[in-house]
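**Q** Got a structure for you, written out below as structure tokens; questions coming shortly.
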Amino acid sequence: MTSKTSATRRVLVAKPRGYCAGVDRAVQAVEKALEQYGAPIYVRKQIVHNTHVVKTLEARGAIFVEETEQVPEGAIVVFSAHGVSPAVHQEAARRSLKTIDATCPLVTKVHNEARRFASQDYDILLIGHEGHEEVEGTAGEAPDHIQLVDGLESVGAVRVKDPERLVWLSQTTLSVDETVETVSRLKERFPNLIDPPSDDICYATQNRQVAVKEIAAQAELVIVVGSENSSNSKRLVEVALDHGADASYLVDDAAFIEDAWLDGVTTVGVTSGASVPEELVTEVLARLARHGFEDVEEVESVQESVRFALPHELRKDLRVTA
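Numbering (the numbering used here), first residue to last: 1 to 322.
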């Protein structure tokens, strides 16, 4: 491992970084819908949590709304990668909307688990952040069975009907280490708490956290490209600080970097959240190069090859016109 005190001003760029398969699928869904059906295409919530992606799609004719009731009757609406509750699907059907469900398949897996455990009368402890769209969608699958656990401080407030019929699920974009700690604390209270059949935290979230740990151990400063409402991007900042970086900042783009951050720094780590287009990282590297950080090394921790097909509603219409 290279020492942090290396005299050369250098940049370590984490790999993997940026778009995950679920984000790529969701963004493509809006782009393909605009090509197939023409503007406007309505999108419920931000398709992914990135300011630049949303602005780019708006410029092409996407209209982002907060709730389904804001979509004109009979129009086309895309549901975001974070997923929606059954109530949202029901409202869309009532308004005769043509829906394209761009929910990440890994989020759909958690929804399926929630329904299955609820049908077996389990209490479900959903580890996640209150108010996050993914949490709202998952909780909506079984509201009478699901209880939110928002961090370690929430563990003491958990109340269950039967501690022998208890399972935990999680938001897919959490910190891996923090989730393990929360589950451990829950199991101290509820020794028979059941683990989900497979890991809920998505592969991309885990991989990006593994990658940022590696560069943080060698860098005084880690810059994470991502928007403030991106849970997985914010977790990368926390992970960097916990694993060796003296400082770490979340920036929407290169313009947010402050020159003072670079004073006395010889090694900068750079990564990006799972909803960040690569051109924003390129702009950050160009900004750093202007400050003498021209030695750039990509540090690959994990190889990714996951791909998801476009939503089936869209694939069907694309085949018809092919």
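Here a beta-carbon is modelled for each residue, glycine too, at the ideal position from N, C-alpha and C.
Given the structure is predicted, the values throughout are model-derived calculations rather than measurements.
For the candidate residues 223, 315 and 311, whose alpha-carbon lies nearest to that of residue 282?
**A** Of the listed residues, the one whose Cα sits closest to residue 282 is 223.
**Q** Quick one: grab the DSSP three-state call for residue 101.
**A** Residue 101 falls in the strand class under three-state DSSP.
**Q** Excluding sequence positions up to five away, which residues of its chain have a Cβ less than 7 Å from the Cβ of residue 303?
**A** Nothing meets the Cβ criterion.
**Q** Considering just the uninterrupted stretch of the beta strand (DSSP E) at residue 63, what are its terminal residues?
**A** It spans 62-65 - the beta strand (DSSP E) in which residue 63 sits, taken as one unbroken run.
**Q** Grouping DSSP H, G and I as helix and E and B as strand, with all else coil, what is residue 24?
**A** DSSP places residue 24 in helix when its eight states are reduced to three.
**Q** Sort 225, 311, 45 and 295 by Cα distance to residue 249 and report the nearest one.
**A** Minimum Cα distance to residue 249 is reached at 225.
**Q** Put residue 8 into one of helix, strand or coil per three-state DSSP.
**A** Residue 8: coil per DSSP, three-state reduction.
**Q** How would you call residue 170, buried or exposed, if buried means at least 16 neighbouring beta carbons within 10 angstroms?
**A** Counting Cβ neighbours within 10 Å, residue 170 comes out buried, since at least 16 surround it.
**Q** For the segment 207-224 and the segment 179-199, state whether three or more C-beta atom pairs, one from each stretch, are separated by less than 8 Å.
**A** At 8 Å Cβ cutoff, the stretches do not touch.
**Q** Give the C-beta separation of residue 81 and residue 26 to the nearest angstrom, bearing in mind that I take them to be a contact with Cβ-Cβ under 8 Å.
**A** The pair is a contact, with the Cβ atoms about 4 Å apart (cut-off 8 Å).
**Q** Sorted by chain position, which residues of the same chain lie with C-beta nearer than 6 Å to residue 240's C-beta, five sequence neighbours on each side aside?
**A** Here the set comprises 212, 216, 222 and 248.
**Q** Who are the Cβ neighbours of residue 155 in its own chain at under 8 Å, not counting the five residues just before and after it?
**A** The answer, listed in chain order, is 149, 182, 185, 186 and 189.
**Q** Taking the beta carbon of residue 316 as the centre, do at least 16 other beta carbons fall within 10 Å, making it buried, or is it exposed?
**A** Per the 10 Å Cβ criterion, exposed.
**Q** On the three-state DSSP scale, how would you describe residue 189?
**A** Residue state, collapsed to three classes: helix.
**Q** May I ask you to report which of helix, strand or coil DSSP gives residue 43?
**A** Reduced to three states, the DSSP call for residue 43 is strand.
**Q** Would you please state the rounded distance, in angstroms, between the beta carbons of residue 98 and residue 300? I believe it to be under 8 Å.
**A** So it is not a contact: roughly 41 Å between Cβ atoms.
**Q** From this set, 270, 20, 100 and 136, which residue's C-alpha is nearest residue 312's C-alpha?
**A** Considering only alpha carbons, the answer is 100.
**Q** According to the neighbour-count rule (16 or more other Cβ atoms, all chains shown, within 10 Å of its Cβ), is residue 33 buried or exposed?
**A** So residue 33 ends up on the buried side.
**Q** Just list the residues that DSSP pairs residue 125 with in beta bridges.
**A** In DSSP, residue 125 forms a bridge with 147 and 168.
**Q** Going by the beta-carbon positions, is the gap between residue 44 and residue 77 smaller than 7 Å?
**A** Result yes, Cβ atoms of residue 44 and residue 77 sit closer than 7 Å.
**Q** Can you tell me whether residue 295 is helix, strand or coil according to DSSP?
**A** Strand, per DSSP.
**Q** Look at the alpha carbon of residue 10 and the alpha carbon of residue 227, and state the distance between them as a whole number of angstroms.
**A** The straight-line gap from Cα to Cα measures roughly 25 Å.
**Q** What is the DSSP secondary structure of residue 15, reduced to helix, strand or coil?
**A** Three-state result, residue 15: strand.
**Q** List the whole-angstrom C-beta distance separating residue 75 from residue 29, where the pair is believed to meet the contact cut-off of C-beta under 8 Å.
**A** That pair is no contact at about 16 Å.
**Q** Would you tell me roughly how many angstroms separate the C-alpha atoms of residue 83 and residue 36, rounded to the nearest one?
**A** Approximately 23 Å, taken between the alpha carbons.
**Q** If you draw a straight line from the alpha carbon of residue 152 to that of residue 60, how long is it in whole angstroms?
**A** About 42 Å.
**Q** Here's a check: name, in chain order, each residue in its chain whose Cβ is nearer than 6 Å to the Cβ of residue 291, leaving out the five neighbours to either side.
**A** Result list for residue 291: 262, in chain order.
**Q** Residues in the same chain with beta-carbon distance under 8 Å from residue 318, minus the five sequence neighbours each way, listed in chain order, please.
**A** 32, 36 and 310, listed in sequence order.
**Q** Using 8 Å for Cβ pairs, my map puts residue 126 next to residue 147. What's the rounded Cβ distance?
**A** Their Cβ separation, rounded to whole angstroms, is 7 Å, which keeps residue 126 and residue 147 in contact under 8 Å.
**Q** May I ask you to report which of helix, strand or coil DSSP gives residue 266?
**A** Here residue 266 sits in coil by DSSP.
**Q** Among the residues of its own chain, which have a CB less than 8 Å from the CB of residue 207, if the five just before and after it don't count?
**A** Taken in chain order, the residues that qualify are 16, 301, 302 and 304.
**Q** Which of the three DSSP states is assigned to residue 220 in this structure?
**A** Coil at residue 220, not helix or strand.
**Q** Taking only the alpha-carbon atoms, compute the straight-line gap between residue 136 and residue 246 and give it to the nearest angstrom.
**A** Using only the alpha carbons, I get a separation of about 35 Å.
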